[in-house]
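Here the structure comes first, spelled out in structure tokens, and everything after it is commentary.
Protein chains: 2
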Amino acid sequence: MFESAELGHRITNADYDREVPVLRARLLGLQYDLLAKASFPVLIMIGGVDGAGKGETLNVLHEWMDPRYIVTSAFGEMSDEERERPRMWRYWRALPPKGRIGILFGAWHSDPILDRVAGKTSEAELVRAAERIVRLERMLVDEGTLVLKFWFHLSKQAQKARLTALEADPKTRWRITDTDWARFKLYDKFRKTSELAVRRTSTGHAPWTIVEGSDPNFRYLTVGRAIAEALQRRLADATPAAATQPLAPPAPPLDGRTVLSTLDYRQALPRKDYRQALEKHQGALNLLTRHRKFRQRSAIVVFEGMDAAGKGGAVRRAVWALDARHYRVIPIAAPTEEERAQPYLWRFWRHLPRLGRVTIFDRSWYGRVLVERVEGFCAEADWMRAYGEINDFEEQLAEAGGIVVKFWLTITQEEQLARFRARETSPFKSFKITPEDWRNREKAADYDRAVCDMVDRTNTAIAPWAVVAANDKYFARIMVLRTLCERIEAAL
Amino acid sequence: MFESAELGHRITNADYDREVPVLRARLLGLQYDLLAKASFPVLIMIGGVDGAGKGETLNVLHEWMDPRYIVTSAFGEMSDEERERPRMWRYWRALPPKGRIGILFGAWHSDPILDRVAGKTSEAELVRAAERIVRLERMLVDEGTLVLKFWFHLSKQAQKARLTALEADPKTRWRITDTDWARFKLYDKFRKTSELAVRRTSTGHAPWTIVEGSDPNFRYLTVGRAIAEALQRRLADATPAAATQPLAPPAPPLDGRTVLSTLDYRQALPRKDYRQALEKHQGALNLLTRHRKFRQRSAIVVFEGMDAAGKGGAVRRAVWALDARHYRVIPIAAPTEEERAQPYLWRFWRHLPRLGRVTIFDRSWYGRVLVERVEGFCAEADWMRAYGEINDFEEQLAEAGGIVVKFWLTITQEEQLARFRARETSPFKSFKITPEDWRNREKAADYDRAVCDMVDRTNTAIAPWAVVAANDKYFARIMVLRTLCERIEAAL
């Protein structure tokens, strides 16, 4: 893997001086094209061995292009706000919007390799981490991001020579610390481990470019040209790289039996029992979220459901049990301009709670496989891949201590009709009913199918769905509260 | 001040039960109006003595209104990301956008009072903090925010009774800790201190409402009604509360001598000297930003200037001296949708650097008193008040360790014309010149006047302007670098 980067590649100063002005003008022109079109973001990842000129290359890129439209992030120790969220949260914060170039310095590839070299993790764990990286980058590419990855390599001899040279020069001595030499001793292990990681995370859509780091001229030109080539190709392409063609969408079951059709919609609760149960479960939920152990967890609660199924009422009964200082309800409507310039999951990542907190999403990332699917707001390939992306996302939430609870509130067609009519005639509720609601109703069969597919594909052990028959509001609200209590209790 | 809140106010349950349904419907309706219009944000501040029902009132407000459109923030210990910025940064992060209600629980009023009670600060410091709060709230109100402040009060006896009662009830015992009793011992001091703070921060545009906290019915209705009244008045008002009528804008000096007219535009530097000076100052700047002491500071650098004055070139020469991992350039163009829903300084607060970092603003908050003033994008009253607001902002940056450096790059009319013409004919630079540039040129006199007023009003000891004659690019770039070095060196 690294052999070609140990050949002692060199570019003479004469060649370098001839090529650089042309390359700079080209890169700058492409950067302004990218900015003007603003149709996709560019993500440049920089990784590799110490002393191979990563930092210098970064500075040269800033010099060659317009630094105002480059967003560079280097990742050192995590801040406490970062530590309380999934590992990937800090990287999601750093993603560039459409039209900009983001450079991530030592991002998601670093920790898995360093942890393995330090003996903190097993090889199996490294492989697993690599799998996830592949899935993440696949998703970014499918969302339109141009991902360019550069791995800077040095042979053992070359690294030693470089560290020695840096140390000998009074101007650069400060850069070499004991840590660098300690890490040099682990060179062989680092090489072997990163070989595995680089191999496993090099894919057709986001391959690593291995760059020999010993000659500055060579490394700058290699990286600069690769960026120019990739940018030019992509900008010339009117349509983004075609996503993998998905299989035909799942067919409904032959016998028509689904999670929705087999639900008992007659379940109900008398008002008297409701009052009692409400008080009991709200009390329990309050205690659970104040539990000592909950301070090291968080809860992410998703409410989805049919129009007029009583989602709002259920959300409100749930939050009344909570201290207003510790929860937040995020209503999901059309994305803002800043959100539209990012992958679709970005707007949910930005609202993830710290430890000890509850975030309730009133509608959620499932819009992708519900309304966007049914209304054709995204391509079939996009919503087909979303199931896996969502499962990956929720897995990360769970691993970071998040308790993920998801509700689908459903009512029968007859009940919905009755509620729509009641809303229309009530002066107080008429604002709740719009022509869109009636239109959605006509597509009931499509929505049903989307819901069944969604539950089939995203009902996981770590983030299960609760499908709630909501013809009776009292029954539905208590079921929501009871489920919340059970899930949190089981997690603590 | 607090006497009226020690009278034992009470509302009977019968009255309460009769009024609440009406009030809830009214609040909810107003909240949806606010949301639909989205023309201003509502900020509700909650402060006061322990045990006076602040938290319960907050929960009741969430219950009465739609919690999806309320953004509540409680402020405990600072996170490390917050500690590395000005004190107010955490509150700016929590401001609600237009159309939403933000509730701040123990925000900017808390620390000054608690610090004073704990004897950490003098009374003069408390008064100074109160001054600043008044200025901040004045700015928010001028920006359109509806600010409602509720101070919850209990007499000493009532507080004791309340703490004892909470402690006796097994359901609420957990809420009372030793800290509460320790703070109770300081009741008199707390009362005296908060009396001063409340008095000093109660203004016509953002007065405190003192709420007696002993009777739940009374406190909920008092707060709920006050919110409904204020919302209704403001929503009925087509135009926001008229800002204070400003004096006539400053007249230009009678003899025509200004910071611009007295500048020596002939200053120049030969290319050979430039090369040498560039290397020398870039080296010095690099060392300064890697200085041990700089890790506890940050630099906020503002670049403003005439069209074609060479701002971009100067920015690039400056950043080449820096490590790309430690600086960020923020180009300021039209605000995004999320930024337009906030006070105009919000978009700059969000980009403030952590310690050890450099943030360069390519155009800045001075747009308010330059382009917005000249083009009439904001009212005269708005840009007239901006000078003071900007000085307050920069003072906060400086106090948090920020080194604020501001450049105005200026060229003569003849030089600008020559550069415009050169740009038009250069195939590589023609994108840099637009019809807008020609239009701006026609308003040169207005811009000059705006620049002179800006420098006169915001050239402060903590954040001085460097007015750079930029007819000669080499001279200008070196002057920028040298000024940066001098300012940072002086600060370290």
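Protein chains in written order, with my numbering: chain P, 7 to 498; chain Y, 7 to 498.
Cβ coordinates follow ideal geometry from the N, Cα and C atoms, glycine included.
- Where M51 of chain P is concerned, the enclosing beta strand (DSSP E) starts and stops at V48 to G54.
- Straight-line measurement puts the Cα of F196 of chain P at about 6 Å from the Cα of V123 of chain P.
- Put simply, of P:T151, P:W444, P:R231 and P:L34 the residue whose alpha carbon is nearest the alpha carbon of L49 of chain P is P:T151.
- In this structure, A469 of chain P sits away from V375 of chain P, with a CB-CB distance that is not shorter than 8 Å.
- Shown here, P118 of chain P sits in a helix according to DSSP, grouped into three states.
- Listed as beta-bridge partners of G311 of chain Y by DSSP are Y:L415.
- Under the three-state reduction of DSSP, W214 of chain Y is assigned to strand.
- Within the same chain, and ignoring the five residues on either side of D194 of chain Y in sequence, the residues whose Cβ sits closer than 8 Å to its Cβ are K162.
- Between P337 of chain Y and chain P, the shortest Cβ-Cβ separation is below 8 Å.
- Listed along chain P is no residue with a C-beta nearer than 7 Å to that of S45 of chain Y; the closest approach is about 17 Å.
- At a cut-off of 8 Å between beta-carbon atoms, D86 of chain Y makes contact with chain P.
- For the segment 310–337 of chain P, the residues whose beta carbon sits under 9 Å from a beta carbon of chain Y are, in order, G318, V321, R322, V325, W326, L328, D329, A330, R331, H332, Y333, R334, V335, I336 and P337.
- Below 8 Å, too few C-beta pairs join the segment 284–295 of chain P and the segment 373–391 of chain P to call them touching: fewer than three.
- The beta-carbon distance between L160 of chain Y and V153 of chain Y, rounded to whole angstroms, is 24 Å. This is too long to meet the 8 Å contact definition.
- Residue state for S200 of chain Y is assigned as helix, using DSSP reduced to three classes.
- Looking only at P:G219, P:Q348, P:R240 and P:R231, the smallest Cα-Cα distance to H211 of chain P is reached by P:R240.
- Assignment of I233 of chain Y by DSSP, reduced to helix, strand and coil, places it in the helix class.
- In this structure, P:W326 is the residue among P:Y480, P:Q419, P:W326 and P:S208 with its C-alpha nearest to the C-alpha of V335 of chain P.
- At a C-beta separation below 8 Å, Y75 of chain P has these neighbours in chain Y: P337.
- Minimum Cα-Cα distance from L110 of chain Y among the listed residues Y:W98, Y:P118 and Y:L120 corresponds to Y:W98.
- Taken through DSSP and simplified to helix, strand or coil, F481 of chain Y comes out as helix.
- For K479 of chain Y, the number of other beta carbons within 10 angstroms of its own is at least 16, and it is reported as buried.
- Within the DSSP secondary-structure output, Y333 of chain Y pairs in a beta bridge with Y:V364.
- Nearest C-alpha to I76 of chain P among P:G59, P:R106 and P:K60: P:R106.
- For H68 of chain Y, a Cβ of chain P is located within less than 8 Å of the residue's own Cβ.
- Along the length of the segment 241–304 of chain Y, whole alpha helix (DSSP H) runs at least 4 residues long occupy 277–295, reported in chain order.
- Taking the Cβ atoms as the reference, L33 of chain Y lies roughly 55 Å from L294 of chain Y, outside the contact range of under 8 Å.
- Within the segment 443–483 of chain P, the runs of beta strand (DSSP E) at least 3 residues long that lie entirely inside it are, in chain order, 471–475.
- Within chain P, the residues D329, A330 and R331 have their CB atoms less than 9 Å from the CB of L64 of chain Y, given in chain order.
- Membership of H159 of chain Y in the beta strand (DSSP E) is indicated by the continuous run L152 to H159.
- With a cut-off of 8 Å on Cβ pairs, the segment 27–41 of chain P is not in contact with the segment 134–145 of chain P, counting fewer than three such pairs.
- Scanning chain Y for C-beta atoms nearer than 8 Å to the C-beta of G61 of chain P yields D329, A330 and R331, reported in chain order.
- Only residues of its own chain outside the window of five on either side were considered, and among them V364 and I409 have a CB closer than 6 Å to the CB of A305 of chain P, listed in chain order.
- Three or more beta-carbon pairs drawn from the segment 308–316 of chain P and the segment 415–430 of chain P are found closer than 8 Å, and the two stretches are therefore classed as touching.
- In the three-state scheme derived from DSSP, where H, G and I count as helix and E and B as strand, I109 of chain Y is classed as strand.
- Going by C-alpha positions, N397 of chain P is about 34 Å away from Y280 of chain P.
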